[in-house]
Amino acid sequence: MTLHQLRIFLTVARHRSYSRAAEELYLSQPAVSIQVRELEQAIGAPLFERVGRTIMLTEAGQALLLYAQRIHQLLEEAKMVMEELHGLKRGRITLAAASTAGAYVLPPILGAFQKGHPGITISVEVTNRSTVHHRLLHNEVDLVVMGRPPEEIPHVAEPFLPEELVVIAAPSHSLARARRIPVERLVREVFIQREAGSGTRLAAEEFFRQQRMNIQSSLELGDNSAVKEAVAAGLGIAVLSRRAVQLDVALRRLVVLDVQGFPLRRQWYVVHRKEKKLSRGASAFRAFLLTSAEAVLASTKQVRPAMRE
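Okay, so the sequence shown: first residue is 5 according to the working numbering, each after it adds one.
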């Protein structure tokens with residue numbers, strides 16, 4: 005049994021797929037299969053079984069998984085100690101970010117941080133809230149950036165940046181030039197929404213529930229760009245982050261409606277598992293978010309919101 009085999013086993017177990025594990029590890033699928041087979045021979049039991057098109061852990065595989073995860077954690081802690089001995093001259097930080105934060109908040113902040121720490125490699129997974137939640141639950145990343153930290157996971161969540169959600173429409177929409185639109189008026193409109201579970205959608209739905217409003221939904225789309233295109237095409241209105249639409253508003257592809265009760269204000273949080281020991285690199289990036297994120301974004305703003313905002 006080797007550390008290399010255990011690493012491959014952990015990757016296959018996480019993906020439930022030989023091919024996806026091979027992609028992540030930059031190996032061929034046959035090479036991954038051979039290493040798993042040799043590991044099975046070393047312990048004298050099969051680790052995976054196929055159920056339809058999916059592979060599942062056997063009883064032996066589930067038992068080995070617990071030990072492999074502990075070994076992996078010990079190795080990561082050893083790497084962390086070695087990195088700390090070298091200060092912040094080198095190291096690696098892994099992040100998972102909700103799609104809006106990953107696309108519109110983090111890029112300039114990451115750029116500013118790496119100017120001061122060019123030897124640190126930062127890996128960022130920009131994904132939906134469900135996957136971010138999974139990464140935090142299973143302690144698969146150093147830090148998470150999200151808008152609604154999960155209550156059911158022991159964690160430390162610190163707000164680092166205010167955010168606003170606004171109602172957007174096409175410039176040709178009948179409400180585009182209206183002022184002080186009563187929120188009840190939106191009941192007659194068709195909404196384009198993010199996918200179920202999106203932080204943006206959850207915040208909007210919570211607001212409308214408080215107003216005892218039942219909004220109509222015609223489309224559910226998996227990312228901000230798709231929602232903006234649908235709204236610009238006149239298919240309905242939507243609630244999105246102001247940061248996500250500021251360029252479209254400046255280019256007059258979209259307008260921000262003047263709706264009573266909006267913008268909805270929330271926070272972006274940097275989150276990690278409560279028991280997690282952060283490396284010096286991850287601790288430095290967390291501190292940078294808490295102290296410098298707002299200033300960085302203010303200094304790198306490329307467009308000014310249109311007057312109608």
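Here a beta-carbon is modelled for each residue, glycine too, at the ideal position from N, C-alpha and C.
Checklist entry - DSSP on Pro166, reduced to helix/strand/coil? => result Strand, per DSSP.
Checklist entry - Which ranges does the beta strand (DSSP E) cover as unbroken runs of at least 3 residues, wholly within the segment 77-124, from first to last along the chain? => result Every beta strand (DSSP E) stretch that sits fully inside the segment 77-124 and reaches 3 residues is listed by chain position as 95-102.
Item to check | Cβ-based neighbour list, Arg152, same chain, cut-off 7 Å, excluding 5 preceding and 5 following | outcome: Taking Arg152 as the centre and dropping the five residues before and after it, the same chain places the C-beta of Gly203 and Leu206 closer than 7 Å to its C-beta, in chain order.
Next on the checklist: Taking the alpha carbon of Val40 as the reference point, which residue from Thr304, Arg57, Val55 and Ser21 has its own alpha carbon closest?
Outcome noted: Nearest C-alpha to Val40 among Thr304, Arg57, Val55 and Ser21: Ser21.
Next on the checklist: If we require 3 or more residues per run, which beta strand (DSSP E) segments fall completely within the segment 138-187?
Outcome noted: Correct list: 147-150 and 159-173.
Item to check | Anticipated Cβ contact below 8 Å, Val136 with Ala100, distance rounded | outcome: Distance from Val136 to Ala100 at the Cβ level is roughly 5 Å; contact confirmed, criterion being Cβ atoms closer than 8 Å.
Next on the checklist: Tell me the rounded alpha-carbon separation between Ser176 and Pro111.
Outcome noted: Roughly 32 Å separates the two Cα atoms.
Item to check | C-alpha distance - Glu168 paired with Ala64, whole-angstrom precision | outcome: Cα-Cα distance, rounded: 49 Å.
Item to check | Val243 burial status per 10 Å Cβ neighbour count (16 or more: buried) | outcome: Counting Cβ neighbours within 10 Å, Val243 comes out buried, since at least 16 surround it.
Next on the checklist: Between which residues of its own chain and Glu298 is the CB-CB distance below 7 Å, once the five residues before and five after are set aside?
Outcome noted: Leu165.
Next on the checklist: Counting C-beta neighbours from all protein chains within 10 Å, is the total for Lys232 16 or more, i.e. buried, or is it exposed?
Outcome noted: Taking every protein chain shown into account, the CB of Lys232 has 16 or more other CB atoms within 10 angstroms, so this residue is buried.
Checklist entry - Taking DSSP as the reference, what is the three-state secondary structure of Leu244? => result In the three-state reduction of the DSSP assignment, Leu244 falls in the strand class, which pools E and B.
Checklist entry - What are the partner residues of Glu233, as DSSP defines its beta bridges? => result According to DSSP, which records beta bridges pairwise, Glu233 is partnered with nothing at all.
Checklist entry - Does the distance from the C-beta atom of Pro122 to that of Tyr273 stay below 8 Å? => result No, they are not a contact pair.
Next on the checklist: Count Cβ pairs between the segment 176-186 and the segment 133-148 that sit closer than 8 Å; are there 3 or more?
Outcome noted: For the pair of segments examined, the segment 176-186 was found not to touch the segment 133-148: the number of CB pairs separated by less than 8 Å stays below three.
Checklist entry - Does DSSP put Thr52 in a helix, a strand or coil? => result First, the amino acid is wrong: residue 52 is Phe here, not Thr. DSSP places Phe52 in strand when its eight states are reduced to three.
Next on the checklist: Suppose contacts are defined by Cβ-Cβ distances below 8 Å. Is Leu78 in contact with Arg290 by that definition?
Outcome noted: Judged by their CB atoms, Leu78 and Arg290 are not nearer to each other than the 8 Å cut-off.
Next on the checklist: By alpha-carbon positions, which one of Pro154, Gly226 and Asp262 ends up nearest to Val130?
Outcome noted: Among Pro154, Gly226 and Asp262, the Cα nearest to that of Val130 is on Gly226.
Next on the checklist: Given this structure, state the Cα-to-Cα distance separating Phe13 from Ser23, to the nearest angstrom.
Outcome noted: Roughly 13 Å between the two C-alpha positions.
Item to check | C-alpha distance - His76 paired with Glu144, whole-angstrom precision | outcome: Their backbone Cα atoms lie some 11 Å apart in a straight line.
Checklist entry - Hey, how far is the Cα of Leu29 from the Cα of Arg216? => result Straight through space, the alpha carbons of Arg216 and Leu29 are spaced by roughly 50 Å.
Checklist entry - Does the beta-carbon of Glu44 have 16 or more other beta-carbons within 10 angstroms, so that it is buried, or is it exposed? => result Buried, since its Cβ has 16 or more Cβ neighbours within 10 Å.
Checklist entry - So which of Glu156, Leu51 and Ile59 has the shortest CA-CA distance to Leu70? => result Closest in alpha carbon position to Leu70, among Glu156, Leu51 and Ile59, is Leu51.
Item to check | When Gly95, Val128 and Arg246 are compared against Ala102, the one with the closest alpha-carbon | outcome: Closest by alpha carbon: Val128.
Checklist entry - Does the Cβ-Cβ distance between Val109 and Arg247 come in under 8 Å? => result In contact: Val109 and Arg247 (Cβ atoms closer than 8 Å).
Item to check | DSSP three-state assignment for Ser283, whether helix, strand or coil | outcome: Here DSSP, grouped into helix, strand and coil, assigns Ser283 to coil.
Item to check | Burial state of Arg308, where buried means 16 or more other Cβ atoms lie within 10 Å | outcome: Here the model assigns Arg308 a pLDDT of 42, short of 50, so the residue's position is not dependable and the matter cannot be decided.
Item to check | Distance between beta carbons of Ile241 and Ile172, contact taken as under 8 Å | outcome: With 8 Å as the limit, Ile172 and Ile241 qualify as a contact, their Cβ atoms being about 6 Å apart.
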